[in-house]
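Following: one structure in structure tokens, then a few remarks.
In the working numbering, the protein residues as written are 1037 to 1178.
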């Protein structure tokens, strides 16, 4: 496998991540007007992809989605507006994360890590920073 760069990569427009450039590396997202990040198809490589919100989304959404309708996200994230926060698990059909800059997250400091654990499955962990009453960012939209 090619070695990824050690410096984080910053994207400012919608992009599809790929193994050669983004695997085992941090990808910063920085677009106040929102963007969409598409993960590569899962294949059980063990690679991880980490997304860090560098710029709070203020219009539209940050959307992170799987590559195809057979992949799902499995895991949980911590959503917080204060010290307590709440943990939010995925459902059996979750394949998309939508952060609106408010109740479903997308504020600077949000981070998500996706691990390619098996064909059809991405393990998910992270911390989503929100405002207001936390709302699920997960859906089945792909």
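C-beta: ideal position from N, C-alpha, C; glycine also.
Nothing here was measured: the structure is a model prediction, and the numbers come from that model.
- A contact between stretches requires three or more CB pairs, one per stretch, nearer than 8 Å, and the segment 1115 to 1123 fails this requirement with the segment 1150 to 1160.
- In the structure shown, residue 1055 adopts helical secondary structure according to DSSP, grouped into three states.
- The alpha-carbon separation between residue 1086 and residue 1160 amounts to approximately 10 Å.
- The criterion of a C-beta distance shorter than 7 Å is satisfied by residue 1049 and residue 1071.
- Check the Cα spacing between residue 1119 and each of 1167, 1132 and 1147: the tightest is with 1167.
- Around the beta carbon of residue 1146, 16 or more other beta carbons sit within 10 angstroms, so the residue counts as buried.
- With a cutoff of 7 Å on beta-carbon distance, residue 1108 and residue 1143 are scored as not near each other.
- Short of 7 Å from the beta carbon of residue 1054, and not among the five residues preceding or following it, lie these beta carbons of its own chain, in chain order: 1076.
- Taking 7 Å as the cut-off, the beta carbon of residue 1094 is found closer than this to the beta carbon of residue 1068.
- Assignment of beta-bridge partners to residue 1092 by DSSP yields no partner.
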